[in-house]
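Everything on this sheet refers to the single structure shown next.
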Amino acid sequence: MSRLAGFIERRFFPPAPLRALAIVRMLVVGSLLFVMLFPYALFTFPVWGRLDLLAALPDAQWEPIPIVRLLLLPFGDGFRPSLAAMTAVLHASMVAGLFALVGCCTRTALLLFALGNLLISGYGYSYQEHHHIEALTLLALFALAAAPAGAALSFDGWRAARRGRPAPAWSDQARWPLELLQWLFALCYLSAAVCKLGASGLKWLNGHTLQAYLLQEGIFWGTTSGPWLADHHGLCVLLSWIALLVELLFPLVLWRRSLAWFFVPAAAALHLGIWFTMRAPFWLYFPLYAVFLPWDRLLRADRPAPGAAAAARK
Numbered sequence: 140m141s142r143l144a145g146f147i148e149r150r151f152f153p154p155a156p157l158r159a160l161a162i163v164r165m166l167v168v169g170s171l172l173f174v175m176l177f178p179y180a181l182f183t184f185p186v187w188g189r190l191d192l193l194a195a196l197p198d199a200q201w202e203p204i205p206i207v208r209l210l211l212l213p214f215g216d217g218f219r220p221s222l223a224a225m226t227a228v229l230h231a232s233m234v235a236g237l238f239a240l241v242g243c244c245t246r247t248a249l250l251l252f253a254l255g256n257l258l259i260s261g262y263g264y265s266y267q268e269h270h271h272i273e274a275l276t277l278l279a280l281f282a283l284a285a286a287p288a289g290a291a292l293s294f295d296g297w298r299a300a301r302r303g304r305p306a307p308a309w310s311d312q313a314r315w316p317l318e319l320l321q322w323l324f325a326l327c328y329l330s331a332a333v334c335k336l337g338a339s340g341l342k343w344l345n346g347h348t349l350q351a352y353l354l355q356e357g358i359f360w361g362t363t364s365g366p367w368l369a370d371h372h373g374l375c376v377l378l379s380w381i382a383l384l385v386e387l388l389f390p391l392v393l394w395r396r397s398l399a400w401f402f403v404p405a406a407a408a409l410h411l412g413i414w415f416t417m418r419a420p421f422w423l424y425f426p427l428y429a430v431f432l433p434w435d436r437l438l439r440a441d442r443p444a445p446g447a448a449a450a451a452r453k
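Numbered according to my numbering, the sequence shown terminates at residue 453, and the numbering increases by one at each position without gaps.
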């Protein structure tokens, strides 16, 4: 247990630049605010833009998922909120997001922004259709809310400095949210590979499975790239192997950080290819990839002097 505790402390809690945490905060919050304000710019069926369509569905289709049941439990088990209520949640979440973006009352704003989007996303998945495109972003918001994400590049930080209580440039609470998201990314990709192999075994790599998906989604969404790619079996075999190997080996970035320079662009390229051929919108992953940047080197000028190490750990 002591070795495990030591590993966790060394990996998750060494001093790290607070500006890195602030930059990730602005990227994550800003990207989510953008898709909330312009839901059809990057998404095909965004829950933020079709609350009215969901509210018009009959009660028979309302099957709240567990997290929605929990969030709405004060109103009674199985309670179905009205369109007006969900619209109010949407607008309140946007306001909280704006506060989180500029770093005003940052922890509270991030928590409200995360809870609001959790309810909105869960509401969309309570009509017998489930996806997972927002999951990592929501987890990132909750992690940022528990960390000093508003200590730098924020109104909170400016106000603290004006009062003579400036935050240190580095803190041992600044790294763990970024490290946590790296591990979550690794688990997501690994689970995708395991699901492929678990469902189809090595048959998933024969190219025919990918061809079927390309034809199905390409015809449904009206893309020309999907059917075109499906017509090239050899290329589908190659892409099937590439996709599986990238997902299966992505966790190696946790042990050799330099591998992120290969695996992160490779994963991003996969998502871009999936979008252009099958319209699967994983755009919210792209700002999250910032957690893999070598922030310690990029913000080296912020590092405290050796004698100030104790201050950096507060």
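Every residue gets a Cβ at the ideal spot worked out from N, C-alpha and C, and that includes glycine.
None of these values were measured; they are calculated from a predicted model.
Should residue i be labelled buried (16 or more other beta-carbon atoms within 10 Å of its own) or exposed?
{"i": "Q312", "result": "buried"}
{"i": "Y179", "result": "exposed"}
{"i": "E273", "result": "buried"}
{"i": "Q350", "result": "buried"}
{"i": "Y416", "result": "For clarity, residue 416 is Thr in the given sequence; the question names Tyr instead. Under this definition T416 is a buried residue."}
{"i": "P404", "result": "exposed"}
{"i": "V333", "result": "exposed"}
{"i": "I358", "result": "exposed"}
{"i": "P197", "result": "exposed"}
{"i": "L268", "result": "Just to set this straight, residue 268 is Glu in the shown sequence, not Leu. Exposed, because fewer than 16 other Cβ atoms sit within 10 Å of the Cβ of E268."}
{"i": "K453", "result": "Because the pLDDT of K453 is 46, which lies under 50, any placement of that residue in the model is unreliable, and the question is left without a value."}
{"i": "E148", "result": "exposed"}
{"i": "S539", "result": "For residue 539 there is no data in the structure shown, the boundaries of the chain being 140 and 453."}
{"i": "R164", "result": "buried"}
{"i": "L384", "result": "exposed"}
{"i": "G337", "result": "exposed"}
{"i": "T245", "result": "buried"}
Residue i to residue j, Cα distance in whole Å?
{"i": "A450", "j": "A291", "result": "For A450, the predicted model reports a pLDDT of 47, less than 50, meaning its position is unreliable; a value from the coordinates is still stated below. Near 16 Å, if we compare the C-alpha coordinates of A291 and A450."}
{"i": "P203", "j": "H271", "result": "16 Å"}
{"i": "Q321", "j": "H410", "result": "17 Å"}
{"i": "L193", "j": "L326", "result": "31 Å"}
{"i": "W297", "j": "F214", "result": "40 Å"}
{"i": "R301", "j": "A286", "result": "22 Å"}
{"i": "L319", "j": "A248", "result": "21 Å"}
{"i": "Y424", "j": "T276", "result": "7 Å"}
{"i": "A447", "j": "P307", "result": "For A447, the predicted structure reports a pLDDT of 48, less than 50, and the residue's modelled location is therefore unreliable. A value from the coordinates is still provided. A447 and P307: Cα-Cα distance of roughly 9 Å."}
{"i": "K335", "j": "V376", "result": "14 Å"}
{"i": "A282", "j": "Y352", "result": "35 Å"}
{"i": "W422", "j": "S141", "result": "40 Å"}
{"i": "F184", "j": "Y266", "result": "14 Å"}
{"i": "S260", "j": "A331", "result": "21 Å"}
{"i": "Y328", "j": "N256", "result": "23 Å"}
{"i": "D216", "j": "P305", "result": "46 Å"}
{"i": "P205", "j": "H371", "result": "42 Å"}
{"i": "G145", "j": "W360", "result": "50 Å"}
{"i": "W367", "j": "E386", "result": "24 Å"}
{"i": "A399", "j": "V392", "result": "5 Å"}
Check this for me: beta carbons of residue i and residue j, under 7 Å apart or not?
{"i": "W309", "j": "P154", "result": "yes"}
{"i": "S379", "j": "G346", "result": "yes"}
{"i": "F177", "j": "P420", "result": "no"}
{"i": "R219", "j": "W201", "result": "yes"}
{"i": "G242", "j": "D295", "result": "yes"}
Got a sec: is the Cβ-Cβ distance from residue i to anything in chain C below 7 Å?
{"i": "S379", "result": "Chain labels in this structure do not include chain C; a single protein chain is all it has."}
Does the beta-carbon of residue i, which I'm using as the reference point, lie nearer than 6 Å to any heavy atom of the ligand HEM?
{"i": "P153", "result": "The ligand HEM is absent from the structure shown, which contains no ligand whatsoever."}
* Asked: Whole alpha helix (DSSP H) runs in the stretch 233-266 with 4 or more residues, listed along the chain?
  -> 245-263
Counting beta carbon pairs with one atom in the stretch 214-229 and one in the stretch 281-291, are three or more of them shorter than 8 Å? Judged by Cβ distances under 8 Å, the stretch 281-291 makes no contact with the stretch 214-229, as fewer than three pairs qualify.
Report task. Determine contact between the stretch 154-169 and the stretch 426-436, defined as no fewer than three beta-carbon pairs at a distance below 8 Å. Result -> yes
Minimum length 4: unbroken alpha helix (DSSP H) runs contained in the stretch 287-367: 294-301, 315-339 and 347-360
Is the stretch 392-404 touching the stretch 420-431, taking contact as three or more C-beta pairs under 8 Å? Counting C-beta pairs with one atom in each stretch, the stretch 392-404 and the stretch 420-431 have three or more that are closer than 8 Å, which means they touch.
- Enumerate, from N- to C-terminal direction, the unbroken alpha helix (DSSP H) stretches of 4 or more residues contained entirely within the stretch 176-245. 178-181, 190-194, 205-210 and 222-241
Practice problem: Taking 8 Å as the threshold, find out whether the stretch 171-191 comes into contact with the stretch 235-254 through three or more Cβ pairs. | Solution: yes
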